[in-house]
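Its first residue numbered -15, the sequence shown is counted upward by one per residue in my numbering. Structure first, commentary second.
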Amino acid sequence: MQNFQHLSSLYAAGNYQGCIACCEEILNSNPNDDLAFKWAGKSLLAVGQIEQAQQCLTRAHQLNQSDPEILKDIGNCLLNKGNYEQAAGAYQRALRLQPDYAPAIYNLAGVAQLSG
């Protein structure tokens, strides 16, 4: 829980590089820490390292398949790469986990608007 609070604080403060570095430290001692992969992926996405972000988020999802935010962020990676159909699929999978997950609903509407 302490890791989550620290990582989310770094991310919320816009200290993405600090968050990535902290995640790397965590993963050195625990290579299966889903939260470290999640926050590394979110931070990499925020700094525009889309491919690396998607890899981290995919690993986070493999380790924790119950977090709709991870799927939403995978969708954001796909959206940034112009893969609208795959992004929509990721958002829909997030909604299957949590039907009222507003960020996925919002992003799915955005994909619909972009793709006509």
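All C-beta atoms, glycine included, are put in the ideal place defined by N, C-alpha and C. Given the structure is predicted, the values throughout are model-derived calculations rather than measurements.
Return the CA-CA distance between residue i and residue j, expressed in angstroms with no decimal places.
i: glutamine 33; j: alanine 86; result: 25 Å
i: leucine 11; j: aspartate 17; result: 6 Å
i: leucine 63; j: serine 13; result: 32 Å
i: alanine 24; j: glutamine 82; result: 23 Å
i: proline 52; j: glutamine 46; result: 12 Å
i: glycine 100; j: glycine 2; result: 39 Å
With H, G and I counted as helix, E and B as strand and the rest as coil, what does DSSP make of residue i?
i: serine 27; result: helix
i: serine -3; result: Residue -3 is actually alanine in this sequence, not serine. In this structure, alanine -3 counts as coil in the three-state DSSP scheme.
i: aspartate 32; result: Residue identity check: residue 32 is glycine in the sequence provided, not aspartate. Looking at glycine 32 - three-state DSSP - the assignment turns out to be coil, as it is neither helix nor strand.
Within this structure, are the beta carbons of residue i and residue j separated by less than 7 Å?
i: asparagine 60; j: leucine 19; result: no
i: tyrosine 0; j: alanine 30; result: yes
i: alanine 71; j: alanine 78; result: no
i: leucine 92; j: tyrosine 75; result: yes
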